[in-house]
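**Student:** So the protein sequences, as listed, match chains E and G.
Quick note: the first sequence uses numbering that gives the first Met the number 0, first residue 0, plus one each step.
Quick note: the second sequence uses numbering that gives the first Met the number 0, first residue 0, plus one each step.
Every residue, glycine too, gets a C-beta built ideally from N, C-alpha and C.
Here it is: the structure, laid out below.
There are 2 protein chains.
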Amino acid sequence: MGQRGRQKGSIGVKSKEALLAVAAEEFAKNGFHQTKVSTIVNRAGLTQPSFYLYFSSKEAIFQELVHTFRNKLINLTKESRLESNLDNSNLFTKISSGLLAVFQFFDDHRHLTRIGFFLADDAKEIKQAMVMQIAENLLAEQQDNYFRQDLDMVIVAECIIGAIERLTMTKLFTGEKSPQQLANEIVDIYLYGLQNTKSLK
Amino acid sequence: MGQRGRQKGSIGVKSKEALLAVAAEEFAKNGFHQTKVSTIVNRAGLTQPSFYLYFSSKEAIFQELVHTFRNKLINLTKESRLESNLDNSNLFTKISSGLLAVFQFFDDHRHLTRIGFFLADDAKEIKQAMVMQIAENLLAEQQDNYFRQDLDMVIVAECIIGAIERLTMTKLFTGEKSPQQLANEIVDIYLYGLQNTKSLK
DNA sequence: AAGATATATTACTTTGGAGTATTATCCTAC
DNA sequence: GTAGGATAATACTCCAAAGTAATATATCTT
């Protein structure tokens, strides 16, 4: 238990990674204030001062996790933009695959997602950025006359992000639905609406 | 400033109400942990020990606010259920007026809403209850063949609550949109969908 | 083999902020 | 006008948890 001094080769990178991994888990489970530095270091097999060898404060390690989330998310966005250029499938599939990428990403990074998307102070801005990007895409399709002309696409984008938020927590993270299912169901609802077009009324 | 002893008639009810009002504002603005009991009592023109005359702990006053929110919301639900029975307008108006009531309520109780709907630990259950209720209503309309038969109404309800959450924060509380506008826009989107039915494709 | 450096520990300080012991003042009832 | 309950203030205690000073040990370099 807890050797002193320098370990073989590792140069402490392992300790830092261990701290980040445990911190992600703890923050995701308990939020920022409920999470104690002492818990993080204990679970990482270290002691308090070692923590401050790698991070200047509790705030700092939290921000590093938020940053990681944001960067990964930005990369995802870039990738899926490239893909969708090559994509000549129909509208449903096009939109659905974009959503799929998001849900898949959230599912693959549950802890980071809880931190960066739900807990962080900057979650607001992160979501705002996503809204803008979705609104932009929707607007393009609208101008191509795929969508109704009378809709405010920013509002639509807000609704979609709201739906994503909610379904991520209640259906994805509970394991009730797969990323693919959620992507399809959202597109189905938003594209075609609830109304029975063969309605008898 | 700050007389000692009993005040005329008031029996301390005023102090309690002042504390609740200030606490609602502070919690809504800064969240639970960032809010200090010392700030609450200062702003209410009292001192720390007086606080504990009315509430057993900081947690207790927060819970009382959450409780108030929940009760008001439940009353709202009861009322709007009565109204919708008398209502023989069309589908759009029916759904819209239900949503309007919710947005109107949130707008009228911004602090309580932030606390009970976004900050509280029980927010999850409160929303869950709303989802179930909406899902129930939707299901009835679906069985009457107003809505497509192939949709999972729980998922739809989740999406709608997500949209409500999001629009409440970004459009209602910022003053960008009125309750009526939001209610109409949501119904429009969800009922008819995005797709251009007169599409040229 | 001997610094030098990185990594870790033991044991401590500090502080913000929740909650309290005690005392004082005002109002009502008798 | 005085006893007693209610409402308030002064001046604390207490504790959890962040952060630090001083020190020890393992490995790398030459």
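Thinking G/Leu19 and G/Glu58 are a contact (beta carbons under 8 angstroms), I'd like their distance in whole angstroms, please.
**Tutor:** Position 20 of the second sequence, counting from 1, holds the residue named residue 19 of chain G. Position 59 of the second sequence, counting from 1, holds the residue named residue 58 of chain G. Their Cβ separation, rounded to whole angstroms, is 14 angstroms, which puts G/Leu19 and G/Glu58 out of contact at 8 angstroms.
**Student:** What is the DSSP secondary structure of E/Gln194, reduced to helix, strand or coil?
**Tutor:** The residue labelled residue 194 of chain E in the question sits at position 195 within the first sequence. E/Gln194: strand per DSSP, three-state reduction.
**Student:** Which residues in chain G sit within 8 angstroms of E/Gln179, going by Cβ to Cβ distance?
**Tutor:** As a first step, residue 179 of chain E must be located in the first sequence, where it is residue number 180. Within 8 angstroms Cβ-Cβ: nothing; E/Gln179 doesn't reach chain G, min ~14 angstroms.
**Student:** I want to verify the contact list: residues of chain E whose CB lies under 8 angstroms from the CB of G/Glu164, in sequence order.
**Tutor:** Position 165 of the second sequence, counted from the start, is the residue given in the question as residue 164 of chain G. Simply Gly161, Glu164 and Arg165.
**Student:** Is G/Asp121 close to chain E? Criterion is C-beta to C-beta, closer than 8 angstroms.
**Tutor:** What you label residue 121 of chain G is simply residue 122 of the second sequence in a count that begins at 1. So no, G/Asp121 is outside the interface.
**Student:** Across the stretch 180-195 of chain E and the stretch 87-102 of chain E, are there enough close Cβ pairs to call them in contact, namely three or more that are closer than 8 angstroms?
**Tutor:** Enough Cβ pairs lie closer than 8 angstroms, so yes.
**Student:** When the cut-off is 8 angstroms and only beta carbons count, does G/Arg113 lie next to chain E?
**Tutor:** Position 114 of the second sequence, counted from the first residue, corresponds to residue 113 of chain G. No, its Cβ sits nowhere closer than 8 angstroms to a Cβ of chain E.
**Student:** Just list the alpha helix (DSSP H) runs in the stretch 20-105 of chain G, keeping only unbroken ones of 4 residues or longer that don't cross its boundaries, in chain order.
**Tutor:** Those alpha helix (DSSP H) runs which fall completely within the stretch 20-105 of chain G and span 4+ residues are 36-42, 47-53 and 57-85.
**Student:** Would you mind listing the alpha helix (DSSP H) stretches within the stretch 113-144 of chain G that are 4+ residues and don't spill past its ends, in chain order?
**Tutor:** If we require 4 residues or more, the alpha helix (DSSP H) runs fully inside the stretch 113-144 of chain G come out as 122-142.
**Student:** Among the residues of its own chain, which have a CB less than 8 angstroms from the CB of G/Ile160, if the five just before and after it don't count?
**Tutor:** To locate residue 160 of chain G, count along the second sequence from 1; it is residue 161. Contacts found: Lys126, Met129, Val130 and Ile133.
**Student:** Could you tell me which chain G residues have their CB closer than 7 angstroms to the CB of E/Gly11, listed as they occur along the chain?
**Tutor:** Translated into the one-based positions of the first sequence, residue 11 of chain E becomes position 12. The contacting residues do not exist; E/Gly11 stays about 32 angstroms from chain G at best.
**Student:** Check the Cβ of E/Gly192 against every Cβ in chain G and list those closer than 7 angstroms, keeping chain order.
**Tutor:** The residue labelled residue 192 of chain E in the question sits at position 193 within the first sequence. Near E/Gly192 (Cβ distances below 7 angstroms), the residues of chain G are Tyr189, Leu190, Tyr191 and Gly192.
**Student:** Just the Cα atoms here: how many angstroms apart are E/Lys176 and E/Lys170?
**Tutor:** Position 177 of the first sequence, counted from the start, is the residue given in the question as residue 176 of chain E. Position 171 of the first sequence, counted from the start, is the residue given in the question as residue 170 of chain E. C-alpha separation (whole angstroms): 5 angstroms.
**Student:** The stretch 11-40 of chain E: which residues have C-beta closer than 8 angstroms to a C-beta of chain G, in chain order?
**Tutor:** From the stretch 11-40 of chain E, only His32 have a Cβ closer than 8 angstroms to chain G.
**Student:** Compute the Euclidean distance between the alpha carbons of E/Gln33 and G/Phe31, then round it to the nearest angstrom.
**Tutor:** Your numbering for residue 33 of chain E matches position 34 in the first sequence. Your numbering for residue 31 of chain G matches position 32 in the second sequence. The straight-line gap from Cα to Cα measures roughly 12 angstroms.
**Student:** So, at 8 angstroms on beta carbons, what are the nonlocal neighbours of G/Glu135 in its own chain, with the 5 sequence-adjacent residues on each side left out?
**Tutor:** If you number the second sequence from 1, residue 135 of chain G lands on position 136. Within the same chain, G/Glu135 has no close Cβ partners at all.
**Student:** Along chain E, which residues have their Cβ under 7 angstroms away from the Cβ of G/Val155?
**Tutor:** Your numbering for residue 155 of chain G matches position 156 in the second sequence. Per Cβ cutoff of 7 angstroms: Ile188 and Leu193.
**Student:** At the 8 angstroms Cβ level, is E/Thr169 part of the contact set with chain G, yes or no?
**Tutor:** Position 170 of the first sequence, counted from the start, is the residue given in the question as residue 169 of chain E. It does: the Cβ of E/Thr169 has a partner Cβ on chain G nearer than 8 angstroms.
**Student:** For chain G, is any of its Cβ atoms less than 8 angstroms away from the one on E/Ile60?
**Tutor:** Here the question's residue 60 of chain E lines up with position 61 in the first sequence. No, no contact with chain G.
**Student:** Going by beta-carbon coordinates alone, are G/Ala43 and G/Val21 separated by less than 8 angstroms?
**Tutor:** To locate residue 43 of chain G, count along the second sequence from 1; it is residue 44. To locate residue 21 of chain G, count along the second sequence from 1; it is residue 22. Yes; because the gap between Cβ atoms is below 8 angstroms, this pair is in contact.
**Student:** Residues of chain E with CB closer than 8 angstroms to the CB of G/Leu185, please, in chain order.
**Tutor:** Position 186 of the second sequence, counted from the start, is the residue given in the question as residue 185 of chain G. According to the sequence provided, residue 185 of chain G is Ile. The question's Leu does not apply to it. In chain order: Cys158.
**Student:** Taking Cβ-Cβ distances shorter than 7 angstroms, what residues in chain E pair up with G/Asp106?
**Tutor:** As a position in the second sequence, residue 106 of chain G is number 107, starting the count at 1. By Cβ distance, chain E contributes nothing, its closest Cβ being about 17 angstroms from G/Asp106, past 7 angstroms.
**Student:** Would you say E/Leu150 reaches chain G, if we count a Cβ-Cβ gap shorter than 8 angstroms as a contact?
**Tutor:** For this step, residue 150 of chain E is matched to residue 151 along the first sequence. Yes, its Cβ sits closer than 8 angstroms to a Cβ of chain G.
**Student:** Could you round the C-beta distance between G/Arg113 and G/Ala17 to whole angstroms and report it? I think they count as a contact, below 8 angstroms.
**Tutor:** Taking the first residue of the second sequence as position 1, residue 113 of chain G is located at position 114. Taking the first residue of the second sequence as position 1, residue 17 of chain G is located at position 18. About 19 angstroms; that fails the 8 angstroms criterion.
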